[in-house]
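> Going down the list, the protein sequences come from chains A and B.
The opening residue of the first sequence carries number 11 in our numbering; numbering runs sequentially from there.
The opening residue of the second sequence carries number 14 in our numbering; numbering runs sequentially from there.
Built from N, CA and C at the ideal position, the CB exists for glycine as well.
Quick caveat: nothing in here was measured; it's all calculated off a predicted structure.
Below is the structure I would like to discuss, written out as structure tokens.
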Amino acid sequence: MSGYTLLPFRFRRTDQHDVLMVNECGDFLFLPEQVFERFLRHELPEDDGHFFRLKSHLFCAGEDIEVALHKTAARYRTRKSFLREFTSLHMLVVTLRCNQRCSYCQVSCAGKDASLYDMDVETALKAVDMIFQSPTKHPKLEFQGGEPLLHWEVVTATVAYAEKLARRLEKKVSFVLCTNLTAATREQLEFCREHNVAVSTSLDGDAAVHDACRKDRLGRGTYRVFLEKLALARDILGRDRVGALMTTTAFSLDHLRDVTDEYLRLGMDGIFLRSLNPYGFAAEEAATLGYSMERFVEKYLEALRYIMELNRKVFFPEYFATLLFSRILSPFATGFVDLQSPAGAGISGAIYDFDGSVFPSDEARMLARMGDRHFCLGNVKTDDYREIFVTRLKKLTFVSCLETTFPCAYCVYQAYCGTDPVRNYLETGNEQRNMTHAPFCIKHKGILTGLFDMLRHADDTTRDIIWSWITGNAELVNRSC
Amino acid sequence: MLTLKGRASEAFSSFVGEVTFAGRPFYARSRAVLVCEELTHAAMGYKGCITSGGRGSWFHPHHIYGVEQPGLLHEGDIVAMDGTGTIEVLWEEGSSQNCLFLTENCNCRCVMCPQPPAQSDPARFLRQAEEVLELIRGRSISDCCITGGEPTLAGKAFFDILRRSAREHPEALISVLTNGRLFSDRAFVRRLAGIPAENVLFCVSLHSELDAVHDAMAGVRGSCAQTQQGIYNLAGYGFFVEIRTVISQYNCRYLAEFAEHLGNYFPFCAHVAFMGLELHGHAETNRDRVEVSPEAYAPCVKDAVLTLVRRGIPVSLYNIPLCLCPAEVRGYARRSISDWKNIYLPRCRSCALREECCGFFSTSSALPETFIKPFTSGGHV
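Have a look at this one:
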């Protein structure tokens, strides 16, 4: 018996007769099965090449156990640092009104003239006061809807007030406007340029795919007018200040390649292949729009391999893979709300509804819109910061740690995954659930398995591509030929 | 260190002074050393003199005469001279490679050490370092390296000298070459409090994350863990840390995993340097245990460098001539060898990349001559 001590890790036997091992802080390696058995029985000789790898990736330690634990702790702390600088993302629903009526709308948006769904200026400023009480030094304000362009005076007033507060409190505030762009005027876009507001818009694919779901209130496609406004927005703000997101529906699931090509054709920086959320109108129309998570995983991975190939010629990241790769390969924390433990709800992001209600996530607000206010944390007009973000949020955080959830606690992907108590509640009536057959689990387990397969077989160029996505450094890939 | 030889005017004990060719007014001569062709009345009042000519008279200050190349000295250089006729250049004005040498002692016994530790009286080095600091006070310098031996063994003097250099020269980068072992002790590292961290870089030698490998190279069991703990403690005090790794037979095969380990567990490090061997001292004695052929290390070095580059960690290759670097990582090779011991082979004269190449150590007992191939402007000849 050798004198090494095992450090905490999780593992999964693969179909290729090896074992994927992931340690407590997210470092991983593949080990042949027989070597794994010997390692567990403390029979692996300490001059074996595999032993050196195990030791290098902190799966065991000898006399150096103190420094090994120190390293594990340091990386663990770094990965959980999103807890220290919370809450970074604050979404304001300035109105529920929208000039479009997309078939998958998660919010069940209201008619163009239903002004009772507008946030008034007083509420908006109260929300900003609360946002600036967050410990973070870099609050990000995101204007959502409905369509925020329809209630513009609240946007301008909020930006002005937030800029003033940021100066006084020495914080660095940034703004994002989530808009379908179709109602955008030159003056509004110029305001965005002057106040450094980034634009995040929606593009589902080419005309056929886009128009299949993204319709105006009369049911007509919006692709053509979207392209016109996109050009205008880029012209005024600059290309890099206008981003787009897509939502995969049954219409696009089999055409993700074409969607990718459309993004490339329009000169987008990259693409985020997102699955559909089962809320709002999408829940009502699940039969026509929906698909099984297994199929999404399959199609997603297929599209990802296509995008990888594209990247040998042009820098074009897929942002969900970027996020997962960076959770797998880098020691740093990622801000994405969905993949955190404890859940990012309320910690990585919070949302302020038009009436001042505060929710831990967009999904919680959608749930409220569907009639269940279970996750409402309070209201900016009646509650103070501590009540909302300390007392009530803590209750939610208690039930959203993977480390204490069965069977996630034993899952090899635990270090990379997250949980969503809101979605669990929607699906089962409980914030915690056995994730085994949950769509959330099927999606992440399936995609992570696909990504690890890519990593296992990655050549130098593939590695360069993956790291170029993580670091945003396009130069890493030699594209001279 | 550049050293000149001559004959001493008489037996005198070592002193430090500031070189002047131009001469100084009488009242400003007490810390200066005059360099001249012949000793005349103009040499009066200086702390010492250096001359290529003959011996002066009894009324001249202590001097060293018959020095062959006094032209190697510059106005403003700081030299130590002693009664054996030795002139050591402690500070070369305008150079970026200046060192404050604190001790010849070391608490490691590295198998590849080019300057094996010696049990010498540290007082002389410390006094010289203090005198250099005194003389460069107020000058604008770019770099200053605190080294040894293991400089931290100087204890209080080490902290004093570091504090003084960092405070008196905020414009300069003060680097400390150390094995970092002593910094694993919390009480020791606490003594850094109050030393400005913005312009200090700790260059810590770590040859592997595997204790079996590092300890075998450093010659001390447990040093791997101590060095790594030291790095964490230094970073915890807000200091920049560079990791220096000597490429040898011991760690060559594991360099890529080592680089990955650095990316995973030392992502804060400011710079990583992989260094070729200087076949001198212990490295020469242990040559068959340490030396790796360029063919063997090239792929390992390539993987290690690319691993760090991908992660955005700055990386350099020191002491590896360009024709021995794999093409993918040639851009990371630096001219790293101090001028005074830097040579090239005769065939290097025709090389298109000679100006960017580090060349060789004149101190190395053997060079990998068969692998050296000059570049034409396109590629290999």
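Using 8 Å as the limit for Cβ to Cβ distance, is Glu95(A) near chain B?
no
> Quick one, which of Cys451(A), Ala296(A), Arg466(A) has its alpha-carbon nearest Cys427(A)'s?
Cys451(A)
> Considering only C-alpha positions, which residue in the set Thr33(B), Glu304(B), Val342(B) is nearest to Glu106(B)?
Restricting attention to Thr33(B), Glu304(B), Val342(B), the CA atom closest to the CA of Glu106(B) is found in Thr33(B).
> Using a Cβ-Cβ distance cut-off of 8 Å, determine whether Val45(A) contacts chain B.
no
> Using a 10 Å radius around the Cβ and a threshold of 16 neighbouring Cβ atoms, would you call Trp71(B) buried or exposed?
So Trp71(B) ends up on the exposed side.
> So what's Met11(A) in DSSP terms, helix, strand or just coil?
Legend: pLDDT at Met11(A) = 48, less than 50; position of this residue unreliable, value from coordinates given subsequently. Correct three-state label for Met11(A): coil.
> Give the residues from the region 270–302 of chain B that approach chain A closer than 8 Å (Cβ to any Cβ), ordered along the chain.
Glu270, Phe271, Glu273, His274, Gly276, Asn277, Tyr278, Pro280
> Quick check on the burial criterion: 16 or more other C-beta atoms within 10 angstroms. Buried or exposed for Val394(B)?
Note that Val394(B) has pLDDT 47, beneath the 50 cutoff, so the model's placement of it is unreliable and the number below is only indicative. It is exposed - the Cβ of Val394(B) has fewer than 16 other Cβ atoms within 10 Å.
> Would you call the region 270–277 of chain B in contact with the region 317–324 of chain B, where contact means no fewer than 3 C-beta pairs closer than 8 Å?
yes
> Can you look up Leu99(A) in the DSSP assignment and give me helix, strand or coil?
strand
> At which residues does the alpha helix (DSSP H) containing His220(A) begin and terminate?
217–223
> Along the chain, which unbroken stretches of the beta strand (DSSP E) at least 3 residues long are found entirely within the region 195–245 of chain B?
213–218
> Restricting to Cα atoms, I'd like to know which of Gly381(A), Phe326(A), Gly356(A), Arg375(A) is closest to Leu406(A).
Closest option to Leu406(A), Cα to Cα, is Gly356(A).
> What does the alpha-carbon distance come out to for the pair Gly289(B) and Leu335(B)?
12 Å
> What is the DSSP secondary structure of His492(A), counted as helix, strand or coil?
Because residue 492(A) is not part of the residues shown, which for chain A are 11 to 491, the question remains open.
> For Phe443(A), collect the residues of the same chain with a Cβ closer than 8 Å to its Cβ; drop the 5 residues on either side in sequence, then sort them by chain order.
A quick correction: the sequence has Arg, not Phe, at residue 443(A). Cβ neighbours of Arg443(A) beyond the five flanking positions: Asn434, Glu437.
> Alpha carbons only, please: which of Leu228(A), Thr15(A), Arg23(A), Asp139(A) is nearest the one belonging to Cys108(A)?
Leu228(A)
> Which of the three DSSP states is assigned to Glu328(A) in this structure?
strand
> Strictly below 7 Å CB to CB, what residues from chain A border Leu223(B)?
Phe62, Lys65, Ser66
> Is the region 182–196 of chain B close to the region 237–249 of chain B, with three or more CB pairs under 8 Å?
yes
> Ordered along the chain, which non-local residues of its own chain (more than five positions away) have a Cβ less than 8 Å from that of Glu95(A)?
Pro145, Thr146, Lys147, His148
> Roughly how many whole angstroms lie between the Cα atoms of Pro352(A) and Leu247(A)?
37 Å
> For a cutoff of 8 Å on Cβ pairs, would you count Ala238(B) as touching chain A?
yes
> Any idea if Met125(B) is buried or exposed, counting beta-carbon neighbours within 10 angstroms, 16 or more meaning buried?
With 16 or more other Cβ atoms within 10 Å, it is buried.
> Is DSSP giving Gln82(B) helix, strand or coil here?
coil
> Going by DSSP in three states, Arg284(A) sits in which element: helix, strand or coil?
Strand.
> For the beta strand (DSSP E) holding Trp162(A), just list the boundary residues, first then last.
Careful: Trp162(A) lies outside any beta strand (DSSP E), inside the alpha helix (DSSP H) at 162–179.
> Using a Cβ-Cβ distance under 8 Å, would Glu56(A) count as near chain B?
yes
> By the criterion of Cβ-Cβ separation under 9 Å, what are the contact partners of Gln262(B) in chain A?
By Cβ distance, chain A contributes nothing, its closest Cβ being about 15 Å from Gln262(B), past 9 Å.
> Assuming contact is defined by CB atoms lying nearer than 8 Å, are Leu465(A) and Ser478(A) in contact in what I supplied?
no
> Kindly list the residues whose CB is nearer than 6 Å to the CB of Met11(A), restricted to its own chain and excluding five residues on each side of it in sequence; keep chain order.
Low confidence applies here, because Met11(A) scores a pLDDT of 48, under 50, leaving its location unreliable; read the following figure in that light. Once the five neighbours on either side are set aside, the close Cβ partners of Met11(A) are His52.
> Beta-carbon within less than 7 Å of Arg150(B)'s beta-carbon, same chain only, minus the 5 sequence neighbours each way: which residues are those?
Counting only Cβ-Cβ distances below 7 Å, and skipping sequence neighbours, we find Glu181.
> Starting from Pro312(B), follow the alpha helix (DSSP H) in both directions and report where the run begins and ends.
307–323
> Quick one: is Tyr420(A) buried, meaning 16 or more other Cβ sit within 10 Å of its Cβ, or exposed?
exposed
> Roughly how many angstroms lie between the CA atoms of Ala425(A) and Ser66(A), to the nearest whole one?
18 Å
> Spatial neighbours of Ala248(B) within its chain, please: CB distance less than 7 Å, with the 5 preceding and 5 following residues excluded, ordered by chain position.
Correct list, in chain order: Val254, Phe281.
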